[in-house]
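Residue numbers (the numbering used here): 17 to 553. First comes the structure, then the notes that go with it.
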Ligand code: UD1
Ligand code: CA
C-alpha cells in the first residue's frame, strides 16, 4: 500500500502519512474511531521496523488550529493586570492553557496536525504586555474592542485564514480556564471528528452552576442552545449541565455563522449563541462531558484561589507519585514548573516556586522558601529562604539563613544559622556557620568563615568584591573591607578590620589589620593568641 501524503504544504507533508486502513475505519465507521489509535500504533510499529516514517495523522483531523480568547480585561478581577497574566501556581493563567494546547499532538498522533500551527491568541486589553510575556510561542490577533466571545473569535479570522495548510477545524478555548487538560482537548477533537459535527463542545455537571452558561437540551437530550445566566429563566438557571468553554467548529460554517451573529440585548456577540443557530439549522452538535474541576473559569479572585487549591493538590500528588515525600500537603506550596528528585522529603510550611530544580535525597523545610533555584542531591535546608541560588550536592543550610540571587554554594558547604550569602561563590567544604554575611565574594575550598564575619562590599556608591583563597581561616567578627583579597591559608584575627590584601599564609590582626607573622609554616603554640574566638563548629 502506498502511504498518502497529506497537507498542502510540501515542507511539512512529507512527515505525515495516513494508513489507508485506518482512514477506512474512521471515515466509514466513526464509532470505531476509538480503535484508530490502536491501528495507528500497529502500523507505526510496522513502519518503524521497516525503517520508514514514524508519524501518522488522521486525514480528517489533519488540519486544526487553536484559537485562545484572552482579550478581556477581567473586570471582575478588579486589577490593572490583564486577567490571563494573573499567576496560578506560579504561571500565568494563559500559560496553563497554552501548555494544554501544545501537548495535544504528543498525546494523539491520530489527531495531530499536519503542521505545528502555533495557537492563535486573541488579545485586546494590554495586548502588548501579554504578547511580551509569551513572545514567539503564539500567533496573535487583536480584538480592539471587547464586544464578546463571538466577536473575539471573529477577530482571529484573518490570522487563521493565513495558516497553511488551512485548518478545517477550529478548536476554541478561553485563556481563563487554566485547569483544562490536554487529554480533554483531545477528547473534544476526537468526538468532533467521529460525529463529523459542525460544533462539538465540552460540558460539565454541577450543583452550583453559578455564572456558567447553561446547556439547554430538548426532551430527546439533543442540544438546543447555551443560555448565559444573565438571560436565563429561573427554570434554566436550575440546569446543572454547564458550558465549559471549549469548542470545535467547522471553520467554513463558523465564519459564515459569526458574520450573521446578531448582537444580543446586552450589546455583546456571544460565541455561545452559535449553538442555538446550529441547532435551528439542524446541524450536528456533539458534546463531551468533563469534570467541573477542569472547567473552572477564573472570573474573580475567589475562583482564582479555588483553582490554585485544586492545581496545588494536583501538583503535590504528581510529586508524591513520582517518589517525593510531602509530610504535610496542606502547608506545602509547589509551583507548576518545579522538578524534584526521588526520596527528597519536603517538610511542613515549605514553598518552592519558579523554575526550581531539586535533586534526590534532600530534606527541605520546615518553614523554607526556595525560588528559581537549582539544588543538588543530598542537600538539607531548614527554616531558610533561597532565591536564584545554586547549591551543589550535600550542602547544608540553616536554620534561619538567606541565600540571595547569585549565591552559588559548592559541594558540602555548611551555612548558618543566621547567615546570608549574595552574589557569591563559596567553594567546596567551606564552613560559614553563624551570623555572617558574604556579598559579592569569591570564597575558596575548605575555608572557615568565623562567626560574625562580614564582607563590607558597599562603599555607598559601588558594590566591591572580596576574594578569599582556599584554606583561609577568617576569625570571628572580621570585617573584610572590599575590594580586598585574602590569600590561600591566610588567617585573620578576631575582630580584625581587613583593609588591605592579605598575602597567602599570613596572619593579620587589628584595626586596621596588620601582619602579625606568617601562618605558614605552622605557628608555634606560644605565638599569637589573636585568633581565639574564631568559630569553627
Ligand atoms: C463564558 C461563556 C460561558 C461559559 C464560561 C466558561 C460566553 C458568552 N460565555 O462565560 O457560557 O460557561 O465562559 O468559563 O462565551 N474574551 C475576549 N473578548 C471578549 C470577551 C471575552 O477575548 O470580547 C475572552 C476573555 O478574556 C476570557 C474568555 O474570553 O478569557 C471568556 O470570557 P468571559 O467574559 O470570562 O466569559 P464568561 O462570563 O466566563
Ligand atoms: Ca470566564
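Where a beta carbon is used, it is the ideal one built from N, C-alpha and C, also for glycine. Please read all numbers here as calculations on a predicted model, not as lab measurements.
DSSP three-state label for residue i, please.
| i | result |
| --- | --- |
| residue 425 | strand |
| residue 85 | strand |
| residue 329 | helix |
| residue 516 | coil |
| residue 228 | coil |
| residue 336 | helix |
| residue 266 | strand |
| residue 33 | Model confidence at residue 33 stands at a pLDDT of 34, short of 50, so the residue's coordinates are unreliable and nothing is read from them. |
| residue 431 | strand |
| residue 457 | strand |
| residue 372 | coil |
| residue 71 | With a pLDDT of 41 at residue 71, under the threshold of 50, the predicted position of this residue should be treated as unreliable, though the coordinate-derived value follows. Correct three-state label for residue 71: coil. |
| residue 120 | helix |
| residue 507 | strand |
| residue 93 | helix |
| residue 176 | helix |
| residue 296 | helix |
| residue 235 | coil |
| residue 247 | helix |
| residue 273 | helix |
| residue 44 | The predicted position of residue 44 is uncertain, since its pLDDT is 36 and thus under 50; no value can be drawn from it. |
| residue 198 | helix |
| residue 411 | coil |
| residue 390 | strand |
Check the DSSP bridge columns for residue i and list the partner residues they point to.
| i | result |
| --- | --- |
| residue 108 | 103 |
| residue 219 | 259, 305 |
| residue 464 | 447, 489 |
| residue 418 | 401, 436 |
| residue 187 | 82, 264 |
| residue 291 | Residue 291 pairs with nothing; no bridge assigned. |
| residue 533 | 523 |
| residue 474 | 479 |
| residue 501 | 483 |
| residue 349 | 367 |
Going by the beta-carbon positions, is the gap between residue i and residue j smaller than 9 Å?
| i | j | result |
| --- | --- | --- |
| residue 303 | residue 222 | no |
| residue 217 | residue 260 | yes |
| residue 183 | residue 79 | yes |
| residue 136 | residue 105 | no |
| residue 497 | residue 488 | no |
| residue 299 | residue 165 | no |
| residue 369 | residue 386 | yes |
| residue 485 | residue 463 | yes |
| residue 365 | residue 383 | yes |
| residue 229 | residue 100 | no |
| residue 112 | residue 225 | no |
| residue 411 | residue 380 | no |
| residue 204 | residue 245 | no |
| residue 350 | residue 328 | yes |
| residue 133 | residue 158 | no |
| residue 518 | residue 533 | no |
For residue i, is the beta carbon positioned less than 8 Å from some heavy atom of ligand 2?
| i | result |
| --- | --- |
| residue 585 | Coverage of the chain is limited to positions 17 through 553, which leaves residue 585 absent and any answer about it impossible. |
| residue 166 | no |
| residue 314 | yes |
| residue 441 | no |
| residue 190 | yes |
When every heavy atom of ligand 1 is checked, does at least one fall within less than 8 Å of the C-beta of residue i?
| i | result |
| --- | --- |
| residue 99 | yes |
| residue 176 | no |
| residue 259 | yes |
| residue 88 | yes |
| residue 286 | yes |
| residue 215 | no |
| residue 204 | no |
| residue 160 | no |
| residue 227 | yes |
| residue 182 | no |
| residue 163 | yes |
| residue 425 | no |
| residue 138 | yes |
| residue 244 | yes |
| residue 170 | no |
| residue 311 | yes |
| residue 85 | yes |
Does any CB atom of chain C fall closer than 9 Å to the CB of residue i?
| i | result |
| --- | --- |
| residue 348 | The chain labelled as chain C is not found in the depicted structure, where only one protein chain is given. |
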